[in-house]
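Enquirer:
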Amino acid sequence: MNRIFSGVQPTGNLHLGNYLGAIRNWVDLQGDYDCIFCIVDLHALTLPQDRELLRAHTREVTAAYLAAGIDPEKCIIFNQSAVPGHSELAWLFACITPLGWLNRMTQFKEKAGKRRDNAGLGLYAYPVLMAADILLYKATHVPVGEDQKQHLELARDIAGAFNRQFGTDYFPLPEPQILGQAARVMSLRDGTAKMSKSDASDYSRINMTDDADTIALKIRKARTDPEPLPETVEGLQGRAEADNLVGIFAALTRTSRADVLGRFGGAMFSEFKDALAAVAVDALGPIASEMQRLVAEPGYVDGVLRRGAERAGEIAHSHLSEIHRIVGLLRP
Ligand code: AQP
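The working numbering applies: residue 794 is where the sequence shown begins, and numbers increase by one.
Written out as C-alpha cells, the structure is:
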C-alpha cells in the first residue's frame, strides 16, 4: 500500500486553513493509504516557544486530528520528537543538500524577514528536516496545502540526490497531494495573504476552537468589496476576498465555486455571509466540542501519542539500519 506522511506544527491557533488544506483531506485518505500523521514539534522549535504552551499545543493538535475523524487504530499519530530518527536523517540529508537549494525557499525569506542574519540555522534547515520526516518512512504521498509545495519539491530533490550519490533507488520520490477547493485558504482581513496561525489579528482566521458566535462575528467582519457576488467564477478575478469566501463555502459544502455562485450569484455579501457562517459552524462546531473533551483527557491523548511513537519508531529504526548501511556508517 502507498504510504502517506503529513504533519502540523504545534504552534497554537489551529485554523480553518489547517483543517481544509490538510487535516480534513487526511480523514478522507485514511482508508486508502497506510497513513502516518505527525505533530511536528521539532519544527515548532525553529521559532521561540513557551515550553508549557508547546506541550499544550502538542496535545491540542493531537485532539484536533482525533476530533476531525482520524482513527488512531488505522493511522499512526505521534509527535516528531518522540522518534529521534527524524533528527538523525535530517543530519544525513544536510550533508548532501547544497545551500543554493535552501536559498530559494520562500518560507524562510518570509519568516526570517529583514533579520536574515539573526535567523536560526533550524529555520533555514526546516525543509531538510521536513524531507527527513517524510523519507524516514519512505512515504510516497504527502497531502499538504499549497504553501508547502516548494518544500515538497525540495524533499523530492533530496531523495533524488541521495539515490544518485549512493547509487541506489532506496528512497521513493514523494508526490505532493494538494487537494480540494481550499488548498490555500486566505486571511479574512486580506485576501492576498494566507490564513496563518501567526497572524497578529485573530480576526484574520477562524480557529478550530472558535465557538459559533465567534465564527459568525469573524465572518460578518471579514473584508469584502461593495459589489454583489458575481454570477460566474470568472467574475471572481481581481476580487481576492470574494474569491476566498466563495472558495471556503465550496470547500465546506464539498461543492465547487461555480455551484456556490449558481446559488448566491447576484446576492449581497450580508446574505452570503450568514449562510457561510451557518455552514462553518455546522462543520467546525462538533469538532471544537470533541477537541475540548479530548484536551480535558490528557491521559488518553498521551496514550495515543505513545502508541503512535512506538509504531513509528519501529519503522524508523528498521529504515535507519538500511540507510546506515547504504551510507557506510558502521553499526558495531
Ligand atoms: N491558509 C492555509 N490554507 C491551506 N492550507 C494551509 N495550511 C496552513 N495554512 C494553510 C496547511 O496546514 C498544514 C500544517 O501547516 P503547519 O502548521 O505545519 O505550518 P504552516 O503551513 O506554517 O501553517 P501556518 O498556519 O501558516 O502557521 P505559521 O503562521 O506559523 O506559518 C500544512 O499542510 C499546510 O500546507
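Glycine included, each C-beta is placed from N, C-alpha and C at the ideal position.
To the nearest angstrom, how far is the alpha carbon of Ile971 from that of Asp843?
Expert: As a position in the sequence shown, residue 971 is number 178, starting the count at 1. As a position in the sequence shown, residue 843 is number 50, starting the count at 1. Rounded to the nearest angstrom, the two C-alpha atoms are 32 Å apart.
Enquirer: DSSP has Asn1000 in a bridge; who is on the other side?
Expert: Position 207 of the sequence shown holds residue 1000. In DSSP, Asn1000 forms a bridge with His808.
Enquirer: Quick one: is Cys831 buried, meaning 16 or more other Cβ sit within 10 Å of its Cβ, or exposed?
Expert: Indexing the sequence shown from 1 puts residue 831 at position 38. Looking at its Cβ environment, which holds 16 or more other Cβ atoms inside 10 Å, Cys831 is buried.
Enquirer: Do Leu947 and Pro920 count as a contact pair if the criterion is CB distance below 8 Å?
Expert: The count along the sequence shown starts at 1 and reaches residue 920 at position 127. The count along the sequence shown starts at 1 and reaches residue 947 at position 154. Yes; because the gap between Cβ atoms is below 8 Å, this pair is in contact.
Enquirer: Helix, strand or coil for Ile832? Go by DSSP, reduced to three states.
Expert: Translated into positions along the sequence shown, residue 832 becomes position 39. Looking at Ile832 - three-state DSSP - the assignment turns out to be strand.
Enquirer: Report yes if the C-beta distance between Ala837 and Leu847 is below 8 Å; otherwise report no.
Expert: Taking the first residue of the sequence shown as 1, we reach residue 837 at position 44. Taking the first residue of the sequence shown as 1, we reach residue 847 at position 54. Closer than 8 Å, so yes.
Enquirer: Is the beta carbon of Ala1035 less than 8 Å from the beta carbon of Leu1022?
Expert: Residue numbering aside, residue 1035 sits at position 242 when the sequence shown is read from its first letter. Residue numbering aside, residue 1022 sits at position 229 when the sequence shown is read from its first letter. In this structure, Leu1022 lies closer than 8 Å to Ala1035 by Cβ.
Enquirer: Give me, in chain order, the residues of the same chain whose beta-carbon lies closer than 7 Å to that of Ala1044; leave out the 5 immediate sequence neighbours on both sides.
Expert: Stepping through the sequence shown from its first residue, residue 1044 is reached at position 251. Leu813, Gly973, Gln974 and Ala975.
Enquirer: So is the beta-carbon of Lys987 under 7 Å away from any non-hydrogen atom of ligand 1?
Expert: As a position in the sequence shown, residue 987 is number 194, starting the count at 1. Yes, ligand 1 has a heavy atom inside 7 Å of this Cβ.
Enquirer: I'd like to confirm something about Leu813: is its beta-carbon nearer than 7 Å to some heavy atom of ligand 1, or not?
Expert: As a working mapping, residue 813 is identified with position 20 in the sequence shown. Yes; taking the cut-off as 7 Å, the Cβ of Leu813 has a heavy atom of ligand 1 nearer than that.
Enquirer: Could you give the first and the last residue of the continuous alpha helix (DSSP H) run that contains Arg844?
Expert: As a position in the sequence shown, residue 844 is number 51, starting the count at 1. Taken as a continuous stretch (DSSP letters only), the alpha helix (DSSP H) holding Arg844 covers Arg844 to Ala861.
Enquirer: Just tell me which of Glu1103, Gln900, Arg1124 and Ser1049 has its CA closest to the CA of Ile869.
Expert: For the purposes of this step, residue 869 is taken as the residue at position 76 of the sequence shown. Comparing Cα positions, the closest option is Glu1103.
Enquirer: Using the Cα positions of Gly938 and Gly810, report the straight-line distance between them to the nearest angstrom.
Expert: The residue you call residue 938 lines up with position 145 of the sequence shown. The residue you call residue 810 lines up with position 17 of the sequence shown. Cα to Cα, the separation comes out at about 8 Å.
Enquirer: Please determine, among Ser997, Leu882, Ser980 and Ala912, the residue with the shortest C-alpha to C-alpha distance to Phe955.
Expert: Residue numbering aside, residue 955 sits at position 162 when the sequence shown is read from its first letter. Comparing Cα-Cα distances from Phe955 to each of Ser997, Leu882, Ser980 and Ala912, the minimum goes to Leu882.
Enquirer: State buried or exposed for Met923, treating a residue as buried only when at least 16 other CB atoms are found within 10 Å of its CB.
Expert: Here residue 923 refers to the residue found at position 130 of the sequence shown. The residue in question, Met923, is buried, as its Cβ has 16 or more Cβ neighbours within 10 Å.
Enquirer: Answer with buried or exposed for Cys888, where buried requires no fewer than 16 other C-beta atoms within 10 angstroms of its C-beta.
Expert: By one-based count along the sequence shown, residue 888 stands at place 95. Exposed, since its Cβ has fewer than 16 Cβ neighbours within 10 Å.
Enquirer: Kindly indicate which three-state DSSP category Ile797 falls into: helix, strand or coil?
Expert: Position 4 of the sequence shown, counted from the start, is the residue given in the question as residue 797. In this structure, Ile797 counts as strand in the three-state DSSP scheme.
Enquirer: Please tell me whether, using a cut-off of 7 Å, the distance from the CB of Arg977 to the nearest non-hydrogen atom of ligand 1 is below it.
Expert: Translated into the one-based positions of the sequence shown, residue 977 becomes position 184. Checking every heavy atom of ligand 1 against the Cβ of Arg977, one is found closer than 7 Å.
Enquirer: One question on the structure: do Ala815 and Pro936 come within less than 8 Å of each other, judged by their Cβ atoms?
Expert: Walking along the sequence shown from the start, residue 815 turns up at place 22. Walking along the sequence shown from the start, residue 936 turns up at place 143. Contact: yes.
Enquirer: Indicate, with yes or no, if ligand 1 has a heavy atom lying under 7 Å from the CB of Ser991.
Expert: For the purposes of this step, residue 991 is taken as the residue at position 198 of the sequence shown. Result yes, Cβ under 7 Å from ligand 1.
Enquirer: So Pro1079 is in the alpha helix (DSSP H); what residue range does that whole segment cover?
Expert: For the purposes of this step, residue 1079 is taken as residue 286 along the sequence shown, with counting starting at 1. Counting along the chain, the alpha helix (DSSP H) containing Pro1079 begins and ends at Phe1062 to Val1088.
Enquirer: Below 7 Å, is the gap between the Cβ of Asp940 and the nearest heavy atom of ligand 1?
Expert: On the sequence shown, position 147 is the one that residue 940 refers to. Correct: Asp940 has its Cβ closer than 7 Å to ligand 1.
Enquirer: Is there contact here, the stretch 925 to 932 with the stretch 1107 to 1120, by at least three beta-carbon pairs under 8 Å?
Expert: Short answer: they touch.
Enquirer: In terms of residues, what are the limits of the beta strand (DSSP E) holding Glu1107?
Expert: Position 314 of the sequence shown holds residue 1107. Taken as a continuous stretch (DSSP letters only), Glu1107 belongs to no beta strand (DSSP E), being part of the alpha helix (DSSP H) at Pro1091 to Val1120.
Enquirer: Does the distance from the CB of Leu835 to the CB of Ser874 come in under 8 Å?
Expert: Here residue 835 corresponds to residue number 42 of the sequence shown, with the count starting at 1. Here residue 874 corresponds to residue number 81 of the sequence shown, with the count starting at 1. Cβ distance < 8 Å, so Leu835 and Ser874 count as in contact.
Enquirer: Relative to the alpha-carbon of Leu1098, which residue among Arg852, Leu1038, Gly1028 and Ser1082 has its alpha-carbon at the smallest distance?
Expert: Stepping through the sequence shown from its first residue, residue 1098 is reached at position 305. The shortest Cα separation from Leu1098 among Arg852, Leu1038, Gly1028 and Ser1082 belongs to Arg852.
Enquirer: Can you tell me which of Leu807, Gly824, Asn806 and Asp983 puts its alpha carbon nearest to the alpha carbon of Ile797?
Expert: Residue 797 sits at position 4 when you count from the first residue of the sequence shown. Residue Gly824 is the option with its Cα nearest to Ile797.
Enquirer: For Met979, which beta-bridge partners are listed by DSSP?
Expert: On the sequence shown, position 186 is the one that residue 979 refers to. The partner list for Met979 (beta bridge, DSSP) reads Lys987.
Enquirer: In its own chain, which residues sit with a C-beta less than 6 Å from the C-beta of His944, not counting the 5 before and 5 after it?
Expert: Working through the sequence shown from its first residue, we reach residue 944 at position 151. Once the five neighbours on either side are set aside, the close Cβ partners of His944 are Pro920 and Met923.
Enquirer: Per the DSSP calculation, Val935 is bridged to which residue(s)?
Expert: Stepping through the sequence shown from its first residue, residue 935 is reached at position 142. Pro969.
Enquirer: Taking Ile1108 as the reference, which of Phe871, Thr1025, Leu1122 and Thr804 has the closest Cα?
Expert: Here residue 1108 refers to the residue found at position 315 when the sequence shown is read from its first residue. The candidate whose alpha carbon is nearest that of Ile1108 is Phe871.
Enquirer: For ligand 1, any of its heavy atoms closer than 7 Å to the Cβ of Thr839?
Expert: The residue labelled residue 839 in the question sits at position 46 within the sequence shown. Answer for Thr839: no, Cβ out of range of ligand 1.
Enquirer: Using only the heavy atoms of ligand 1, determine whether one of them is closer than 7 Å to the beta carbon of His808.
Expert: Translated into the one-based positions of the sequence shown, residue 808 becomes position 15. Yes, ligand 1 has a heavy atom inside 7 Å of this Cβ.
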